[in-house]
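2 protein chains.
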Amino acid sequence: MLKQERQRRILETLRTDGKLIATDLSVALNVSDDTVRRDLRELAEAGKLQRVHGGALPRSSVEMNYAARELQASAGKSAVARAAVKLIEDGQVIIMDGGSTVLQVVQRLPAELEATIVTHSPRIAVALAEYPGIEVIVIGGILYKADLLSVGAGTVKAFSSINADLCLQGIWGLHPEVGITYPNFEEVHVKRAMMQSADQVVALASAEKLGTASSFFVAPVSELTHLVTERTIPEEMLNPYRKLGVEILTD
Amino acid sequence: MLKQERQRRILETLRTDGKLIATDLSVALNVSDDTVRRDLRELAEAGKLQRVHGGALPRSSVEMNYAARELQASAGKSAVARAAVKLIEDGQVIIMDGGSTVLQVVQRLPAELEATIVTHSPRIAVALAEYPGIEVIVIGGILYKADLLSVGAGTVKAFSSINADLCLQGIWGLHPEVGITYPNFEEVHVKRAMMQSADQVVALASAEKLGTASSFFVAPVSELTHLVTERTIPEEMLNPYRKLGVEILTD
DNA sequence: TAGAAAAACGCAAAAACCTGCAGGAAAGGC
DNA sequence: GCCTTTCCTGCAGGTTTTTGCGTTTTTCTA
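First to last, the protein sequences are chains A and B.
Residue 69 in the numbering used here sits at position 68 of the first sequence, with consecutive numbering throughout.
Residue 67 in the numbering used here sits at position 66 of the second sequence, with consecutive numbering throughout.
Structure, rendered in structure tokens:
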């Protein structure tokens with residue numbers, strides 16, 4: 002059996018059954034476990050499915066929406082979120098980006114926190130509503146559905162009239178030389194406005210984001226005051242950021 | 002059974018039942034108590050549920066309240082929502098209030114609808130993100146947490162710069178002589194602005210709202226162009242509204 | 001405050017996984 | 001036709017993840 006044919010059948014099984022067990026598949030296709038595993042690894046790297054221990058789950062474009070991403074919060078993101086919460090203090094005015102890492106921060110805020118939080122994410126706004134001590138300011142705009150964020154000129158303008166103490170930014174790509182990058186052009190303008198409206202700018206970057214770059218440039222690393230990341234990152238990877246004046250925090 | 006699958010089912014059980022007993026789950030899923038406990042610990046760590054002695058509860062009280070309210074949507078509200086959907090057409094610009102009845106309307110929209118929807122409810126905005134053909138405009142402001150709505154001067158101003166075809170208004174009190182009333186003062190201003198920015202104003206009123214009045218006055222009944230309500234309402238109760246030029250729709 | 005239930009902890013076995021390697025098939029150049 | 005290169009596959013060995021069990025600790029309840 003050809004490799005392509007096998008992989009096609011794997012995806013087909015996944016579509017019909019909604020899940021897939023690696024060992025069952027090796028029997029059904031009459032190949033070794035390792036071959037199946039290699040196939041699954043390849044397909045996962047190509048983004049055709051989601052690899053899990055024991056098999057795989059579908060990752061169709063429908064499921065790649067925000068709700069699904071929210072569920073697949075990694076351990077790294079949890080650790081970053083936990084560390085980031087320590088930066089937040091009573092009485093502050095805080096600007097919050099959208100994104101799953103920031104959502105985790107919101108879910109870990111102390112129940113009695115007294116603060117004002119400004120956000121252009123309806124999802125974050127809804128999550129913040131459960132904290133009685135937090136005044137929530139929603140920034141409107143045109144909803145960019147893939148990330149559930151308001152964007153556009155109105156959004157940028159609204160942020161520019163705010164003077165916040167802290168800005169929490171979820172990060173897609175962070176590189177000492179390239180700077181902060183993001184895959185969506187419209188959002189880049191908004192992110193710039195958010196960063197310029199806050200005294201301290203905190204980047205939340207789980208391990209896989211460090212040293213990478215995405216399509217559109219947001220700002221140089223020197224614009225950051227803090228970088229919250231995972232404890233497992235080796236020192237030599239963090240030093241370039243320290244040299245640029247960024248304070249590093251881990252859990 | 003895959004670990005992810007198991008955890009998904011745990012969350013599902015939690016959503017449907019509103020609570021969860023660890024030992025019951027171990028039987029239902031055919032795994033040991035420890036495995037269930039480990040899963041619950043992980044899910045709690047990721048902020049997906051709230052761990053309690055003996056089992057788990059949904060994490061967010063607000064979302065729980067909202068989920069509950071969404072679930073307890075009465076048959077009347079469903080009927081009203083179904084009827085209201087018929088008023089919506091491709092190409093329209095629609096202003097939408099928050100509230101559970103309006104949320105029901107959103108959930109019943111045709112999947113292929115092409116329209117622009119303006120809302121000051123983050124909850125409605127999130128729900129609308131599911132529809133690829135709908136352009137969503139979020140109106141910002143200060144979040145009034147009890148109803149999950151943006152309010153304030155900025156919100157009023159934002160609405161006043163919009164010219165919509167249709168405005169869907171959830172109703173708290175509607176009376177032929179007293180007019181439209183609402184229990185929250187800040188929102189009254191917003192509602193007025195919403196109504197003035199649309200050619201057609203549609204009131205969504207389930208049976209128990211008709212003939213009642215709440216604390217704060219929004220507008221006279223003559224400001225309405227349509228009233229969507231339940232079929233069971235007797236004619237003599239609807240006639241006063243007809244005389245004021247309101248078109249009445251039922252399911 | 002005592003007893004029972006639930007949870008946490010440590011441990012070990014099993015399953016799944018990854019890596020490197022070698023045999024074999026297919027493709028292509030000489 | 002023959003050799004080289006490339007790719008695919010299965011296997012052996014070591015590592016990681018998951019899971020269930022016994023034990024200890026914590027929590028709840030009467």
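Glycine residues also receive a C-beta, built at the ideal position from the N, C-alpha and C atoms.
Endpoints, alpha helix (DSSP H) assigned at residue i
i      : result
A/V157 : A154 to S161
A/V222 : No alpha helix (DSSP H) holds A/V222; DSSP gives it neither H nor E.
A/E136 : It is not in any alpha helix (DSSP H) - A/E136 instead sits in the beta strand (DSSP E) that spans I135 to V139.
A/A165 : Counting along the chain, A/A165 falls outside any alpha helix (DSSP H), though it belongs to the beta strand (DSSP E) covering A165 to G171.
A/I1   : Given a span of 2 to 252 for chain A in the structure shown, any question on residue 1 of chain A remains unanswerable.
A/A57  : Premise fails: A/A57 lies in the beta strand (DSSP E), G56 to P59, not in any alpha helix (DSSP H).
A/V247 : First-last for A/V247: undefined, no H or E at that position.
B/A47  : No alpha helix (DSSP H) contains B/A47, which DSSP labels as neither H nor E.
Below-8 Å beta-carbon distance, residue i vs any chain A residue
i      : result
B/K20  : no
B/A130 : yes
B/D35  : no
B/E209 : no
B/A47  : yes
B/A154 : no
B/E113 : no
B/E188 : no
B/E136 : yes
Cα-Cα separation, residue i to residue j
i      : j      : result
A/G55  : B/L15  : 25 Å
A/V179 : B/S161 : 42 Å
B/R232 : B/R243 : 15 Å
B/A128 : A/K146 : 10 Å
B/E237 : B/G212 : 12 Å
A/G77  : A/S207 : 6 Å
B/H227 : B/L114 : 21 Å
A/L50  : B/Q201 : 47 Å
A/P133 : A/V139 : 16 Å
B/L88  : B/M195 : 18 Å
B/R7   : B/A45  : 15 Å
Short CB-CB distance (under 8 Å) between residue i and chain B
i      : result
A/L149 : yes
A/E248 : no
A/G141 : yes
A/P123 : yes
A/I89  : no
A/S101 : no
A/A126 : yes
A/L58  : yes
A/V53  : yes
A/I181 : no
A/S27  : no
A/A159 : yes
A/S62  : Its pLDDT being 45, under 50, A/S62 is placed unreliably in this model, and the value from its coordinates should be taken loosely. It does not; no Cβ of chain B falls within 8 Å.
Residue closest to residue i, alpha-carbon to alpha-carbon, out of the options
i      : options                           : result
B/E136 : A/V127, A/P133, A/L150 and A/R124 : A/L150
B/I172 : B/L144, B/V219 and B/A147         : B/V219
A/V152 : B/G141, B/G155, B/V157 and B/I125 : B/G141
B/V157 : B/E188, B/Y132 and B/A204         : B/E188
B/T117 : B/K87, B/A165, B/I125 and B/Q105  : B/A165
A/E90  : A/A82, A/L167, A/T120 and A/A126  : A/L167
B/P123 : B/P111, B/Y132, B/D148 and B/V106 : B/D148
B/H121 : B/A84, B/I181, B/A130 and B/L144  : B/L144
B/T102 : B/M195, B/V37 and B/V86           : B/V86
A/L104 : B/G48, B/R42 and B/L245           : B/G48
B/S198 : B/P111, B/V119, B/L58 and B/A80   : B/V119
A/I125 : A/G134, A/P111, A/V106 and A/P133 : A/V106
A/V203 : A/L169, A/V94 and A/A130          : A/L169
N-terminal and C-terminal residue of the beta strand (DSSP E) that residue i is part of
i      : result
A/H227 : H227 to T230
A/M195 : Segment F186 to Q197 is the alpha helix (DSSP H) holding A/M195; no beta strand (DSSP E) there.
A/T24  : Element bounds for A/T24: not the beta strand (DSSP E) but the alpha helix (DSSP H), A23 to L30.
A/T213 : Per DSSP, A/T213 belongs to no beta strand (DSSP E) and is neither H nor E.
B/V53  : L50 to V53
B/L15  : First-last for B/L15: K4 to D18, but that is the alpha helix (DSSP H), not the beta strand (DSSP E).
Residue i Cβ short of 7 Å to the ligand ADP heavy atom set
i      : result
B/C168 : No copy of the ligand ADP appears in this structure; indeed no ligand is present at all.
At what residue ranges does the segment 72–149 of chain A contain a whole run of the alpha helix (DSSP H), taking only runs of 4 or more?
-> 76–86, 101–108 and 123–129
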